[in-house]
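Chains as they are written, first to last, in our numbering: chain Y, -6 to 385; chain G, 17 to 151.
The C-beta atom is built at its ideal place from N, Cα and C for all residues, glycine as well.
The structure under discussion appears below in the form of structure tokens.
The structure is reproduced here in structure tokens:
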């Protein structure tokens, strides 16, 4: 019988007041609640979980340095057969889904929980300053490069120079994403926004302004994967993980091989498409990590959704907004829904819901195939999965 | 007045860069097997197994590969500098170096402009190679 890996449960933590965690929650209870909700919608319990993948920035220095151990303890998981605490930045959870695919398929474990939680907004913890200027950071930090925004700004300027993208190109992405957020009751920012709003927003690091940058929120999520066979007895229509890929190239933006081309995403997505037997032209929608507007522009080109340098035409005239030709970041993204620091798990959650057709006002039509791509660090790592609601 | 911005945690791989700057020399690394020049000072060049790497003095001339103008500072220590310019300079030798562009006119900075190194002795211990535009 089929050990084809599938997603059978997802959950994202509710927040209030522009992305604050609900009163009385903390970073562990948030993850517990998400885990139990995702398991419950599948018809599973924690007793079924025999694989765990987590990444986060909480509890460090301290117990957060060994998050798989701590969450095994906290959640009462009995001797899991597989653990993954790989942290390659916000892409980690998409990478975890790829690893879980292999472990489930190989029979190492049957039911995997992928988890994330963050209280960075409530705890005002989003401060990347004050870190020692170690290793390759010696150059960036001495020069006062605001991180991560400044790094993405340098990529944006390079892309503009090579391919002629503009601030308006980037604004198209911010506006389309906000329009999707307006249809998501959980989004921190739902008010409509215009291209001019983006262009006239407070400048941060040229060419990026405030609305080119992701939010700083709390948040958490859970994804449950198991085999297609097991899913037959469960409550949800399974979402198939058909292919995956991952890669990395650098830590500091100055060592990105080509700042105008996200090669890690090209490498990881090619493997994912090949394994899935489906290519970019087969995709009905995309969930692309939007730490910044430029991240989306670089990613859509690298994933082959359009050609290199063609992203500016791909997004023009709100083509990726609700009602547009190609739905993208339909939950409102890191730009307008939530960005708790490491956003990748929300790509999987939203794509799963769209493939189930349960998104209500923001349902992006009849979705059969979706590609999710997570970016970590400063365009440093990438992970892709191809999801579908059919194997055929 | 003491220097209150981040200083490099100099390690054995980076010491020749910062020592060279104190002597007014811009140091980069070169792989003798491939001729490729690079920073930061890692020991392996992609695709070369037994890499043979040496430090060389760069000309200090290059062009702007990319840049950003910081309208918000990277921490309080840079607050008074805003707006300031961070550049990735592609040196004549090929290596890219990240530092600041010394300029009173950040709005006129563009990719491809020619630059040369200048040495900013910010304290007795630290000299930072920076760049300025040349006509």
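Simplified DSSP state of residue i, which is helix, strand or coil
i: residue 294 of chain Y; result: helix
i: residue 58 of chain Y; result: helix
i: residue 125 of chain Y; result: coil
i: residue 143 of chain G; result: strand
i: residue 54 of chain G; result: strand
i: residue 305 of chain Y; result: helix
i: residue 321 of chain Y; result: strand
i: residue 96 of chain G; result: helix
i: residue 67 of chain Y; result: helix
i: residue 78 of chain G; result: strand
i: residue 255 of chain Y; result: coil
i: residue 312 of chain Y; result: coil
i: residue 136 of chain G; result: strand
i: residue 108 of chain G; result: coil
i: residue 152 of chain Y; result: helix
i: residue 136 of chain Y; result: helix
i: residue 393 of chain Y; result: Look at the range of chain Y in this structure, -6 to 385, and you will see that residue 393 of chain Y is not part of it.
i: residue 21 of chain Y; result: helix
i: residue 345 of chain Y; result: helix
i: residue -2 of chain Y; result: strand
In DSSP terms, what residue i is bridged to
i: residue 75 of chain Y; result: Y:44
i: residue 362 of chain Y; result: Y:381
i: residue 116 of chain G; result: G:102
i: residue 149 of chain G; result: G:131
i: residue 285 of chain Y; result: Y:206
i: residue 47 of chain G; result: G:69
i: residue 109 of chain Y; result: Y:214
i: residue 13 of chain Y; result: Y:9
i: residue 182 of chain Y; result: In DSSP, residue 182 of chain Y forms no bridge with anything.
i: residue 333 of chain Y; result: Its beta-bridge partners do not exist; DSSP assigns none.
i: residue 375 of chain Y; result: Y:240 and Y:368
i: residue 83 of chain Y; result: None; residue 83 of chain Y has no bridge partner.
i: residue 83 of chain G; result: G:103
i: residue 4 of chain Y; result: Y:215
Chain Y contact residues for residue i, given Cβ-Cβ distances below 8 Å
i: residue 127 of chain G; result: 150, 151 and 154
i: residue 149 of chain G; result: Under the 8 Å cutoff, chain Y gives no residues; its nearest Cβ is about 16 Å from residue 149 of chain G.
i: residue 35 of chain G; result: Going along chain Y, no residue has its Cβ under 8 Å from residue 35 of chain G, so there is no contact; the nearest lies around 13 Å.
Separation of residue j from residue i, as counted between CA atoms
i: residue 16 of chain G; j: residue 127 of chain G; result: Because residue 16 of chain G is not part of the residues shown, which for chain G are 17 to 151, the question remains open.
i: residue 112 of chain G; j: residue 104 of chain G; result: 6 Å
i: residue 17 of chain Y; j: residue 206 of chain Y; result: 29 Å
i: residue 76 of chain Y; j: residue 46 of chain Y; result: 6 Å
i: residue 70 of chain G; j: residue 239 of chain Y; result: 33 Å
i: residue 42 of chain Y; j: residue 343 of chain Y; result: 22 Å
i: residue 248 of chain Y; j: residue 29 of chain G; result: 16 Å
i: residue 222 of chain Y; j: residue -5 of chain Y; result: 6 Å
i: residue 60 of chain Y; j: residue 108 of chain Y; result: 10 Å
i: residue 130 of chain G; j: residue 79 of chain G; result: 4 Å
i: residue 281 of chain Y; j: residue 38 of chain G; result: 45 Å
i: residue 181 of chain Y; j: residue -2 of chain Y; result: 32 Å
i: residue 27 of chain G; j: residue 128 of chain Y; result: 7 Å
i: residue 122 of chain G; j: residue 200 of chain Y; result: 12 Å
i: residue 315 of chain Y; j: residue 168 of chain Y; result: 11 Å
i: residue 173 of chain Y; j: residue 30 of chain Y; result: 24 Å
i: residue 40 of chain G; j: residue 58 of chain G; result: 22 Å
i: residue 256 of chain Y; j: residue 22 of chain Y; result: 38 Å
i: residue 49 of chain Y; j: residue 35 of chain Y; result: 24 Å
Chain Y residues whose Cβ lies nearer than 7 Å to that of residue i
i: residue 84 of chain G; result: 143, 146, 147, 150, 198 and 199
i: residue 25 of chain G; result: 125, 126, 127 and 131
i: residue 44 of chain G; result: In chain order: nothing, as chain Y lies at least about 12 Å away.
i: residue 102 of chain G; result: 136, 137, 138 and 143
i: residue 30 of chain G; result: 131
Chain Y residues whose Cβ lies nearer than 9 Å to that of residue i
i: residue 21 of chain G; result: 134, 135 and 137
i: residue 41 of chain G; result: Near residue 41 of chain G there are no residues of chain Y at all, since even the closest Cβ is about 17 Å away, more than 9 Å.
i: residue 144 of chain G; result: 135 and 136
i: residue 135 of chain G; result: What residue 135 of chain G touches in chain Y: nothing, since even the nearest Cβ is about 13 Å away.
i: residue 97 of chain G; result: 137
Proximal chain G residues relative to residue i, where beta-carbon distance stays under 7 Å
i: residue 48 of chain Y; result: Result: empty, since nearest Cβ-Cβ is about 25 Å, beyond 7 Å.
i: residue 167 of chain Y; result: Those within 7 Å of residue 167 of chain Y in chain G number zero; the least Cβ separation is about 17 Å.
i: residue 247 of chain Y; result: 104, 112 and 114
Distance between beta carbons of residue j and residue i, contact taken as under 8 Å
i: residue 211 of chain Y; j: residue 114 of chain Y; result: 5 Å
i: residue 379 of chain Y; j: residue 362 of chain Y; result: 7 Å
i: residue 83 of chain Y; j: residue 367 of chain Y; result: 6 Å
i: residue 245 of chain Y; j: residue 133 of chain Y; result: 5 Å
i: residue 230 of chain Y; j: residue 355 of chain Y; result: Going by Cβ atoms, the distance from residue 230 of chain Y to residue 355 of chain Y rounds to 19 Å, so no, they are not a contact pair.
i: residue 165 of chain Y; j: residue 188 of chain Y; result: 7 Å
Contact list for residue i against chain G, beta-carbon separation under 8 Å
i: residue 140 of chain Y; result: 90
Chain-ordered neighbours of residue i on chain G, where CB pairs are closer than 9 Å
i: residue 218 of chain Y; result: Residues of chain G passing the Cβ test: none, with the nearest at roughly 34 Å.
i: residue 252 of chain Y; result: 81, 82 and 104
heavy atom of the ligand PLP below 7 Å from residue i C-beta
i: residue 105 of chain G; result: Absence of the ligand PLP is noted for the structure shown, with no ligands found whatsoever.
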